[in-house]
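Numbering (our numbering), first residue to last: 1088 to 1457. Scroll down for the structure; my scribbles are underneath it.
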Amino acid sequence: MSALKRIKIDNFRNLKDIDLDLRPEVNLLVGDNGSGKTSFMEAIHVLSVGKSFRTARVDPLLADGQDQFLVYAELFSGDRVGLQRDLTTTPTLRLNSEPQSGWKEIAPLMPIQVLNSDSFLLVDGGAGIKRRFIDWAMFHVEHSYLGRWRNYRRLVQQRNALLKLNPRDIQSQLSIWDEELAKSGEEMHILRKQLLKSYIPFLLRTITEFLPAIDISIDYKKGWPRGMPLHQALFDSRAKDTKYRATTLGPHRADVAISSAGLPASEVLSRGQIKLVACALKISMSRYLSQIKAEQGCPAYTITFLIDDLASELDANSSGAVLDALISSKNQCIFTAITGGDLARVSDLTETSGKFHVEHGKIRAVKPAV
Ligand SMILES: Nc1ncnc2c1ncn2[C@@H]1O[C@H](COP(=O)(O)OP(=O)(O)OP(=O)(O)O)[C@@H](O)[C@H]1O
Ligand SMILES: [Mg+2]
């Protein structure tokens, strides 16, 4: 929950021998197409959560001709996180020199949100992307949520395995699984519903800042019929589930419907407006999390935003509104741009901002003019 102070990257895509001191708030990376800006963000993402936002594979991340990459970060909290990866062995991940078997301890320390061209998918993509976004926030509010979520997934998988057997042999076993699954699913739903109830007012306020003239409404669909206990819904859908050999109802099927004037937002809004709603979803979540963390006794909670090419598809007023919201949030922001002029207001160096030039896989800090 702390900003990134120092980043070292080696042999990650075209990046070699990178060693940068970042600013706790505003950072701008400027460079031509193909210079390595997105790769820099991708390396931070891989370090924070174990995977890229561009590929599920490891081999494209290794610099051509190299057999391992390294990404290392020092946080302003003093924590140190290092990752070394190759194609054949399990990743070597360390937190403060201690080997880690996964990202469970690291992900809460360095919360990351990406704003890039894929962020559109939060508005016009499938329900899974929206669920992952809500679950990401749930995990950062309450780390034990991850255990609950994994337990629920395991129960769904076990029920699905049962549904693949002969229907005549499984009815009594299904009753046992349904009871456990319904209990776990209802608990997950209650947690998500509580989060959304508090978060949606933040979201609507932020949407009004970015799109004052547009009517947007948000509707959480829990994944089974309203007003019905999950246990009952699972019982009622047994014939269908047996036919499809899968559990078709439950919080793993939840969705967040985003509408404008009564129609799906993706069918009504322009590309730029969709991007603004996506930015609002992420920025308002950081505002909500700051408040929750302050209430939990952690007032300096910081997310690192990786904002790739904000200016594309947004006019000057719109990108200005998003910039203001990001900068005033006091989160750490790492922006990229092709030229400093694309984000002129960020480009003006101040004492609290850092500017970097990216060229052919090398990154150097631009010193403020004296
Ligand atoms: N595994 C790899 N090894 C070496 N170079 C790679 C590898 N994968 C991609 N590249 C190259 O790395 C360069 C940097 O790509 P990146 O996407 O980071 O550029 P960018 O600065 O974000 O460009 P743009 O402004 O076009 O988005 C590209 O030239 C790309 O072809
Ligand atoms: Mg790029």
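A virtual CB, placed ideally from N, CA and C, is assigned to each residue, including glycine.
Proximity of the region 1296 to 1305 to the region 1328 to 1348 meets the contact definition, three or more beta-carbon pairs being nearer than 8 Å.
Rounded to whole angstroms, the separation of the alpha carbons of Asp1205 and Asp1108 is 27 Å. Taking a C-beta distance under 8 Å as the contact criterion, Arg1279 and Ala1341 qualify as a contact pair.
C-alpha of Pro1316 to C-alpha of Glu1161: approximately 47 Å in a straight line.
In this structure, Phe1443 lies away from Asn1101, with their beta-carbon atoms at least 8 Å apart. Within 7 Å of the C-beta of Thr1142 there is not a single heavy atom belonging to ligand 2. In the DSSP assignment, Cys1420 falls outside any alpha helix (DSSP H) and lies within the beta strand (DSSP E) extending over Gln1419 to Ala1424. Taken through DSSP and simplified to helix, strand or coil, Asn1114 comes out as strand.
Put simply, the backbone Cα of Val1133 is about 13 Å away from that of Asp1097. Taken from the Cβ of Ser1126, at least one heavy atom of ligand 1 lies inside 7 Å. Secondary structure note for Lys1369: it is in no beta strand (DSSP E), and the uninterrupted alpha helix (DSSP H) holding it is Arg1358 to Glu1382. Sequence-distant Cβ neighbours of Arg1141 in its own chain, meaning closer than 7 Å and more than five residues away, are Glu1129. Separation of Ser1416 and Gln1200 (C-alpha to C-alpha, rounded to the nearest whole angstrom) is 13 Å. For Tyr1307, the enclosing beta strand (DSSP E) starts and ends at Ile1303 to Lys1308. Annotation for Leu1397: Ser1406 place their beta carbon closer than 6 Å to its own, counting only its chain and skipping 5 residues before and after. For Pro1386, there is no enclosing alpha helix (DSSP H), as DSSP marks it with neither H nor E. DSSP lists Gln1200 and Cys1420 as the bridge partner or partners of Phe1392.
Within the same chain, Pro1198, Gln1200, Ser1373 and Asn1418 come within 6 Å of Ile1390 by CB-CB distance, once the 5 residues on both sides are set aside. Nearest Cα to Ala1424 within the set Glu1112, Ile1094, Val1117 and Tyr1331: Val1117. With fewer than 16 other Cβ atoms inside 10 Å of its own Cβ, Lys1327 counts as exposed. Looking at the DSSP output, Leu1157 bridges to Asp1097 and Gln1171. According to the DSSP assignment, Ser1271 belongs to no beta strand (DSSP E) but to the alpha helix (DSSP H) extending over Pro1254 to Phe1297.
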